[in-house]
Each structure stands twice: as C-alpha cells, then as structure tokens.
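Asker: Just dropping this structure here.
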C-alpha cells in the first residue's frame, strides 16, 4: 500500500474513500469528510493569498475547535509549517514564538484576537482571525503544494531555558497515526472523542491524526468538563474517549448522571501524558465499563512510543509494548543496553522521531544520536517488551546516597482514600543532600493528616523512600494538558512550611 506521506494528502485520501461519512462533530454542528476537505482547501487558498509559502512558518493560536482542525490542515495544505501554541499564552510569549520561528503569518481565534494583534503588530506580521467563513465556505481540492519535510513546530514546555521547537515531519505524523491505528485496532466507522488541547501532540496527532486517517468521526469538546465529557461519550455513542490522568480522576468524582448503561458503545478509555495510578484504572473500569489503555510518548517522538493493546492482559505499571515501526530499548549510564528488568534511560528509534530542535543544533545533538532519541525518562523492559516508566532522570531524588523514584511513591499515595492528587519532590537537606517531600491535595470532603499519612506510607514503603516532609495544598499546578507540573511547585516554600511528622513508633 502506497500510503500518502504528507498529512493533508492522507486526509484527502480519506475524503475520497468515504466522502459522506461524518468527519467532525463540535456542539450541534457536523461536517462530512468531503465538506472538511473543501474547507481545508479554501483555507489553504486564503493562506496562500496572505503570503504563506512552502516552508514558511505560520503561528496558530486557537482552542480545541473545528476552526483549529480546518486552519491546521489549511496551513499544511498551503505547504507551510504550523506552529501550534497554547491560546492562553501572553503577548510576550506569543512574541517569543513569532520571533523564534520567524513566522510570516499569525492565525488565531476571536478569543485571542487582541493578544495576538498586540504581539504581531510591532513585528509587522499579518494576522488572520478565524471568522465564520472558515466553517462555511468550502472550495474545490487545491493542487498539491510541495511540502517541506517539516509539518509542525511543537514547542516543548521549556523546563530548562526557553521553549524549543520540536520539528515534527509529515512522514513522522503519518507514521504515528498509522501506528496508533494499528495498535488500537481502530475500525472503519470508529467514533472518537476528546477534550484534549489540539495544540499539544497527544490531541493533535494521537487522537486527531489517527481519527482522520482511519475515517473515524471525531467529536471535540472546546471546554473540558468531566460531567460534560461523559455526556458527550453517551450522546455521540463514542467508541473511544481520550484523556490525561487528571481528567480521568475528575471523571471519577463527576456526578453520576451518566453510568455504564449509557456508555455501551464505549470500548476504550485512552490515557497518556502522565502515569495513571492503578487505583484509578480499576475505578475507571467500574465506572465506564471500558478497557483502560495507557500509552507513552513525548513531543520529540511525535507523541508515540508504546501502548497497551486491547485484548491483552493488563500488567500493573506497564505502558505497553513498542508501537509498530518503533524500537524501544533501555541503556545504562555507560550507554550500553541494559538487561531486562534493569533501570536505565529509555531510548527510541523509528520514523516518528523529530528531525531536530528548530535552529538549535547543540540541543539536538544532546538528544538525537545516530538515529536514536534519548528520552530522559528512566524505565525498565521486561522480557516480553513491556515498558515500565520509573521516572524522569531529572526528578530522581538522591537521599543520602539512595536513589528514590518519586513515581513509585506517588503511586502508593494515590491509593490513600483521602488523596486526590500527589507529587513527590526533592528538597535541599544539609545532612542528606536531598530530602523526600510529598505535596498532596485532598479529595472533596476529606482531610489529609500528615502524621497519619506518613504512618500509612511507612507500612507500604521501605524507610528510605517514605517522605519526611508533607505539604497539603488545595490543588497542584497543572500544565495545558492537565498534567501535574512539578516545576510549578515552590520547593523553598515546601521546605519552610511543610509539616515534618515524627517517625511512627515501632510496635513492641
């Protein structure tokens, strides 16, 4: 099969195959594949008239919406490169992206018009605000414009230094969508839905990309609400619903207006972006009646690497096996492949790897070496190829010479009936170098007692892993996808204000 190797050609191919099938549903509006292809073509013509040429960068600032889907594919259909960023960005942040990517055009929704114009104006970058014509005025299929190898610049969160643009290629996005389709056994006529942000790789490629590739109907929620997400799944008879762990935790606490009997079509609840606590997996199955499948990926690998498969026995802590066409290995600090079960850095190879970081050859050389991507994540592989993520290399706490992996402790914390969410971090300690601290938020109508929590953990963890410092907060900082952002936790505040319960008494 000669599958198209650019994103828009793949969409147009689906439109030729199933033109009348519903492609997209948002609110009470819906568009067939033929209608979506026409809207994309019209958008490409407008973008080209505005000056977008092959290889040019076009900033796209829009929430999850039909307008995003049309504008995104329109940019690619014009041969340009989409720079997709968070619509909550400030004028300063948008200015940084415009400058760093050297954008020739800025496209945004009406909700960001003032901020976008304020950032683009001093730089003489034209602005196109997405009006009603984007969803109403279709056109004939545009001639195929030669596309640059790069389709998208996806800026990383910038945990160190300024954000870097990961160059995702057309071929990589097509390969990622194909791998997800195969691994999840997505079928003809699938109905998929999400409230994930489409400017992020998970929503953009794993969900939207795979849905439009396989001819699914994609239902989008512009504003996330757990109860409304369940209602969407019921009303649209979704077969797959995608989210991140914080969304799924919220779903468990949502009013029980939608139950398993309303979700008989729902086959898969897909989770990614962060570890999903085992207790949440069990409760989700009881609530939804759908198989909960986890995956692992990162922006630099177009969002995909491994995934649990439908029909396979669940292995606790596993994020599945390598997706088709992708190789996963574990290497030690010396760069030598590690034996099965040994903790080391997760390394990836395959067509989904980014081309590099935009105009940052030194940063690229740090993570891309001889066709391999060094992820910075620590994990283990079992003999059958199932991957377990232990932690981020930079998040490991070294307490008195012992390596403490926060994710292991967080998994145990999530099993406590009063804990809604938790993050384990290292704080400076004069004697040990680092001390282990837990920052937790309580479930509604519950209270967390630090002394009782330490005693509870001491019964389940080795002594050196048990946090000595506890900070109870209303909520933990979250990123744009709902993932807990540890860099948003003030470690000095935790050290100064955290409670240090005494060590539990040893029974006689």
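Residue numbers (the UniProt record's numbering): 1 to 508.
By construction, the Cβ of each residue, glycine as well, lies at the ideal position given by its N, Cα and C atoms.
1) Where does residue 508 fall in DSSP's three states?
2) Just the Cα atoms here: how many angstroms apart are residue 455 and residue 486?
3) Consult DSSP for residue 155 and reduce its assignment to one of helix, strand or coil.
4) If we count the other Cβ atoms within 10 Å of its Cβ and call it buried at 16 or more, is residue 100 buried or exposed?
5) Given that a residue counts as buried once 16 or more other Cβ atoms are within 10 Å of its Cβ, and exposed if not, what is residue 2?
6) Go to residue 422, then tell me how far its alpha helix (DSSP H) extends in each direction, as first and last residue.
7) At a cut of 8 Å, does the stretch 302-318 reach the stretch 174-183 through at least three beta carbon pairs?
8) Who are the near neighbours of residue 51 in its chain, counting only those whose CB is closer than 8 Å to its CB and skipping five residues on each side?
9) Three-state secondary structure (DSSP) at residue 160?
10) Ignore the nearest five residues each way along the sequence and tell me which others in residue 285's own chain have a CB closer than 7 Å to its CB.
11) Between the alpha carbons of residue 509 and residue 297, how many angstroms are there, rounded?
12) In whole angstroms, give me the CA-to-CA distance for residue 111 and residue 136.
13) Residue 39 to residue 67, Cα distance in whole Å?
14) Once the 5 residues before and after residue 244 are set aside, which same chain residues still bring their CB inside 8 Å of it?
15) Can the beta-carbon of residue 501 be found closer than 8 Å to that of residue 451?
16) Go through its chain and collect everything with a Cβ distance to residue 236's Cβ below 7 Å, but skip five positions before and after it.
17) On the DSSP bridge assignment, give the partners of residue 337 in chain order.
18) Tell me the start and end of each unbroken beta strand (DSSP E) in the stretch 229-315 that is at least 3 residues and wholly inside, in chain order.
19) So which of 170, 155, 72, 415 has the shortest CA-CA distance to residue 148?
20) In this structure, does DSSP put residue 51 in helix, strand or coil?
21) Sort 253, 248, 231, 359 by Cα distance to residue 264 and report the nearest one.
22) Which residues in the same chain have their Cβ closer than 7 Å to the Cβ of residue 374, if we skip the five residues on either side of it in sequence?
23) My understanding is that residue 394 touches residue 376, with C-beta atoms under 8 Å, so please give their C-beta distance in whole angstroms.
24) Residue 4 and residue 174 look like a contact to me (Cβ under 8 Å); what is the Cβ gap, rounded to whole Å?
25) If we call anything under 8 Å between Cβ atoms a contact, is residue 12 one with residue 59?
26) What whole-angstrom Cβ distance do residue 424 and residue 442 have, given they're in contact under 8 Å?
27) Could you tell me the distance, in whole angstroms, from the CA atom of residue 56 to the CA atom of residue 207?
28) What are the uninterrupted segments assigned as alpha helix (DSSP H) that are 4 or more residues long and contained completely in the UniProt domain "AMP-binding enzyme C-terminal" (408-483), given in chain order?
29) How close, in whole Å, do the beta carbons of residue 330 and residue 379 come, if the pair is a contact with beta carbons under 8 Å?
30) Nearest to residue 464 by CA position, among 431, 403, 453, 427, is which residue?
31) Just confirm the distance between the C-beta atoms of residue 495 and residue 406, as a whole number of angstroms; I'd bet it's less than 8 Å.
32) Using DSSP bridges, identify the partner residues of residue 167.
33) For a quick check, are the C-beta atoms of residue 80 and residue 95 less than 8 Å apart?
34) Would you list the residues sitting across from residue 403 in a DSSP beta bridge?
35) Could you tell me which of 223, 166, 167, 238 sits nearest to residue 186, measuring between CA atoms?
36) Go through its chain and collect everything with a Cβ distance to residue 91's Cβ below 7 Å, but skip five positions before and after it.
Answerer: Taking the structure as given:
1) Bear in mind that a pLDDT of 40 at residue 508, under 50, signals an unreliable position, so the number given afterwards is only what the model happens to contain. Looking at residue 508 - three-state DSSP - the assignment turns out to be coil, as it is neither helix nor strand.
2) 24 Å
3) Note: residue 155 maps to strand in three-state DSSP.
4) buried
5) exposed
6) For residue 422, no alpha helix (DSSP H) encloses it; the enclosing beta strand (DSSP E) starts and ends at 419-429.
7) Remark: three or more beta-carbon pairs, one from each stretch, lie closer than 8 Å, so the stretch 302-318 and the stretch 174-183 are flagged as touching.
8) 104, 105, 126
9) Note that residue 160 scores a pLDDT of 48, beneath 50, so its modelled location is shaky; the value from the coordinates is reported in the next line. Look at residue 160 here: in three-state DSSP terms it is coil, with no helix or strand label.
10) 292
11) In the structure as shown, the chain starts at 1 and stops at 508, and residue 509 therefore has no counterpart that could be examined.
12) 19 Å
13) 10 Å
14) 196, 202, 271, 272, 273, 274, 481, 482, 483
15) yes
16) Excluding positions up to five away in sequence, the list reads 25, 191, 193, 219.
17) 331
18) 240-243, 268-271, 291-296
19) 170
20) coil
21) It is 231 whose Cα lies nearest to the Cα of residue 264.
22) 345, 347, 367
23) 7 Å
24) Indeed they touch by this definition, with Cβ atoms about 7 Å apart.
25) Not in contact: residue 12 and residue 59 (Cβ atoms no closer than 8 Å).
26) Their Cβ separation, rounded to whole angstroms, is 16 Å, which puts residue 424 and residue 442 out of contact at 8 Å.
27) 26 Å
28) Qualifying alpha helix (DSSP H) stretches, in chain order: 450-458.
29) 6 Å
30) Checked all of 431, 403, 453, 427; the closest Cα to residue 464 is 403.
31) Not quite, the Cβ-Cβ distance comes to about 16 Å (not below 8 Å), so this is no contact.
32) 153
33) no
34) 398
35) 238
36) 115, 118, 119
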